[in-house]
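Colleague:
In my numbering, the protein residues as written are 6 to 626.
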């Protein structure tokens, strides 16, 4: 009985049991073509157009996030920088502070050389700014510059010649690249917003040049948003002065005891101003705490640029921007000065730098502190910052009005105020002039807001379709502002009426040159812009200068060269199309062979071939 059962088990084990459902794997359902097509085919619930619309909406929100983040980052950087510099210069001016804490260190000489490093170094910014921006990228240039400002804050923990002066020189090196990258970044974001808002347009999909005037409204809006946020830096920069040093400052009768007159009649800053402005010295630990807070905000600005600001260009675009050759990148800012629009805007570039530094270091001291005392300095600057921030919204009127309205309106306000200041001579310690001086500050803030937003917007509008030229034109703009900073540094000991006369003459010249520029643009005079060489991703030395010469302007290029370039591009396009067609055919052949190999007939042929091969091997054996 037991043997019979064992034999039955062996017989059962030798039998091959057929799989259920005719040999089809139920888990994989490979044979059910309908289910596979349903799985791989288009889903009924998936709306491609709706998903594309949501994708580009997220892209547009990301662009707005980039604009707001870069604006707040720049605002924090300059709040920290100006607040620390004002507090530092006030402390170092006081004789008691210098004698008690740094007896033989020579802080006055250190401050003089530090200001020289900040104001003189930007003059050479035109030589290296485009190279830095193209090498690092716009976003990384802003991040690096904010790190340099944070370095300047950190050197105040140990105030020595070898810490303060080198950090000031580095800040001078970073000023022009920082502002050039900010200006080009905001304008580039406007271009990107237009591309994401009009993603169905053919010229956007093919990444061709934008139509003229397509992104004007976005440039105006984004520049206005930037200056509304950035001008708040003047407000926050006064917090250290008001919170930390205000209670330590002497009253007016002490600091103004030797001052004879104020306003237009004085020479220098404040002749006769007392060299002791502190009635008691702040604790060292308090100053360290304030510097630590400022250092924290400086790091916050760096993190803002690093994490919240997206790239200004696609990776392929950045490669193309670098691939025109470093020699061309170095030369192109100088060659862009051939453009009559930039040349005629240069007086306005200079005036925009002169007027801002004059109101901060000239009017606020020679008029404000001299008449009202040092304790009201924070109030004057705060009112100016609020005025600039609020009135920057007026630049949105350019959405409906001509672009000259903003610049000419600001120039008219400043022209009237300069004439008033030329006639304003007041006795020191006159608190009844607080109201008129605040009104002057508000009106000057109105003119500054229209000036700053107007100039940046006009530059962006003139080169709205030229995304490969933005860093060059904004470098020229802020380089001329750096020249104005140097002029203000040089004229500190000049008579006040001479300073006001220089400002008024520069303003009148700027208005005339701007009128000439607008007249030429209305007459459709073609500007002479240098040709941007085509990218060469494999270049050796300076051989790229032989074929693509940036000395030749776009307006001077011959029709024959254009025809040759067009033929080259056509031949290249045809070659690419042929390669794509050949590749598709080859891929279709591979797919057909693969599809044939997966068919049951191919399996049977393969099985038969394999059986025949086994039989041949058996015969050989």
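Beta carbons: idealized from backbone N, C-alpha and C, even for Gly.
Everything numeric in this text was worked out from a predicted model, so none of it was measured.
When the Cα atoms are used, what is the spatial distance from residue 103 to residue 112?
Modeller: Using only the alpha carbons, I get a separation of about 7 Å.
Colleague: Identify the residues that DSSP records as bridge partners of residue 500: which are they?
Modeller: 272.
Colleague: Check whether the Cβ atoms of residue 279 and residue 260 sit closer than 8 Å, and answer yes or no.
Modeller: Yes, they are a contact pair.
Colleague: Which full runs of the alpha helix (DSSP H) of 4+ residues lie inside the region 271-317, going along the chain?
Modeller: If we require 4 residues or more, the alpha helix (DSSP H) runs fully inside the region 271-317 come out as 289-308.
Colleague: So, are the CB atoms of residue 80 and residue 237 less than 8 Å apart?
Modeller: Cβ atoms of residue 80 and residue 237: closer than 8 Å.
Colleague: When DSSP labels each residue in this structure, what does residue 262 get in the three-state scheme?
Modeller: In the structure shown, residue 262 sits in coil (DSSP, three-state: anything other than H, G, I, E or B).
Colleague: If you measure between the beta carbons of residue 663 and residue 221, is that distance less than 8 Å?
Modeller: Any answer about residue 663 is impossible in this case: the structure gives the chain only from 6 up to 626.
Colleague: Per DSSP, residue 430 forms a beta bridge with which residues?
Modeller: Beta-bridge pairing links residue 430 to 268.
Colleague: Where DSSP assigns a beta bridge to residue 254, which residues make up the other side?
Modeller: DSSP lists 283 as partners of residue 254.
Colleague: Within 10 Å of its beta-carbon, does residue 504 have 16 or more other beta-carbons around it, so buried, or fewer, so exposed?
Modeller: Under this definition residue 504 is a buried residue.
Colleague: Taking 7 Å as the limit between beta carbons, can you name the residues of its chain near residue 176, skipping five residues before and five after?
Modeller: Hits under 7 Å: 123, 153, 154 and 157.
Colleague: Return the chain-ordered list of same chain residues with a C-beta closer than 7 Å to the C-beta of residue 693, the five sequence neighbours on each side being excluded.
Modeller: Since the first residue of the chain shown is 6 and the last is 626, residue 693 is not available in this structure.
Colleague: Once DSSP output is grouped into helix, strand and coil, what is the label at residue 395?
Modeller: Looking at residue 395 - three-state DSSP - the assignment turns out to be helix.
Colleague: Where are the beta strand (DSSP E) runs, 3 residues long or more, that stay fully inside the region 193-254, in chain order?
Modeller: Qualifying beta strand (DSSP E) stretches: none in this window.
Colleague: So residue 370 packs on residue 99, CB below 8 Å; how close in whole Å?
Modeller: Not really, about 15 Å apart at Cβ, beyond 8 Å.
Colleague: Using the beta-carbon count (16 or more within 10 Å), is residue 132 buried or exposed?
Modeller: With fewer than 16 other Cβ atoms within 10 Å, it is exposed.
Colleague: What residues in its chain sit with their C-beta under 7 Å from that of residue 5, if we drop five residues either side in the sequence?
Modeller: The displayed coordinates of the chain run from 6 to 626. Any statement about residue 5 would go beyond what the structure contains.
Colleague: Taking the beta carbon of residue 135 as the centre, do at least 16 other beta carbons fall within 10 Å, making it buried, or is it exposed?
Modeller: It counts as buried.
Colleague: What residue range is occupied by the uninterrupted alpha helix (DSSP H) comprising residue 67?
Modeller: Per DSSP, residue 67 belongs to the alpha helix (DSSP H) from 53-98.
Colleague: Mind the definition here: the region 345-361 touches the region 460-478 only if three or more C-beta pairs lie below 8 Å; say whether that holds.
Modeller: Result yes; three or more Cβ-Cβ pairs closer than 8 Å.
Colleague: What is the rounded straight-line gap between the Cα of residue 65 and the Cα of residue 59?
Modeller: Using only the alpha carbons, I get a separation of about 10 Å.
Colleague: Between the region 143-150 and the region 84-91, are three or more C-beta pairs nearer than 8 Å?
Modeller: Contact fails: fewer than three Cβ-Cβ distances are below 8 Å.
Colleague: Between residue 33 and residue 52, what straight-line distance do the alpha-carbon atoms span, to the nearest angstrom?
Modeller: Residue placement at residue 33 cannot be trusted, given a pLDDT of 48 that sits under 50; what the coordinates show is reported in the next sentence. Whole-angstrom Cα-Cα distance: 28 Å.
Colleague: Does the distance from the CB of residue 166 to the CB of residue 115 come in under 8 Å?
Modeller: In contact: residue 166 and residue 115 (Cβ atoms closer than 8 Å).
Colleague: Residues in the same chain with beta-carbon distance under 7 Å from residue 223, minus the five sequence neighbours each way, listed in chain order, please.
Modeller: So the list reads 195, 198 and 199, once near-sequence residues are dropped.
Colleague: Apart from the five residues just before and just after residue 434, which ones in its own chain have a Cβ nearer than 6 Å to its Cβ?
Modeller: Hits under 6 Å: 257 and 261.
Colleague: Compare the Cα-Cα distances from residue 528 to each of 71, 336 and 520 and report the closest residue.
Modeller: Measuring from the Cα of residue 528, the nearest candidate turns out to be 520.
Colleague: Ordered along the chain, which non-local residues of its own chain (more than five positions away) have a Cβ less than 6 Å from that of residue 334?
Modeller: 135, 136 and 139.
Colleague: Per the contact definition of three or more C-beta pairs closer than 8 Å, is the region 372-391 in contact with the region 233-253?
Modeller: Yes, they touch.
Colleague: If you follow the alpha helix (DSSP H) that residue 486 is in, where does it begin and where does it stop?
Modeller: Start and end: 475-495.
Colleague: Quick one: residues in its chain with C-beta nearer than 6 Å to the C-beta of residue 343, no 5 flanking neighbours on either side, listed in chain order?
Modeller: Contacts found: 533.
Colleague: Determine, using beta-carbon pairs with one atom in the region 410-422 and one in the region 265-275, whether at least three such pairs fall under 8 Å.
Modeller: They do not touch, by the three-pair rule.
Colleague: Do residue 438 and residue 431 have their C-beta atoms closer together than 8 Å?
Modeller: Cβ distance < 8 Å, so residue 438 and residue 431 count as in contact.
Colleague: Write down the C-beta distance between residue 454 and residue 363 rounded to the nearest angstrom, noting that I regard them as a contact closer than 8 Å.
Modeller: Going by Cβ atoms, the distance from residue 454 to residue 363 rounds to 16 Å, so no, they are not a contact pair.
Colleague: Might you give, ordered along the chain, the residues of its own chain that have their beta carbon closer than 8 Å to the beta carbon of residue 423, omitting 5 neighbours on each side?
Modeller: Excluding sequence neighbours, residue 423 sits near 505, 508, 509 and 512.
Colleague: Within 10 Å of its beta-carbon, does residue 290 have 16 or more other beta-carbons around it, so buried, or fewer, so exposed?
Modeller: Per the 10 Å Cβ criterion, exposed.
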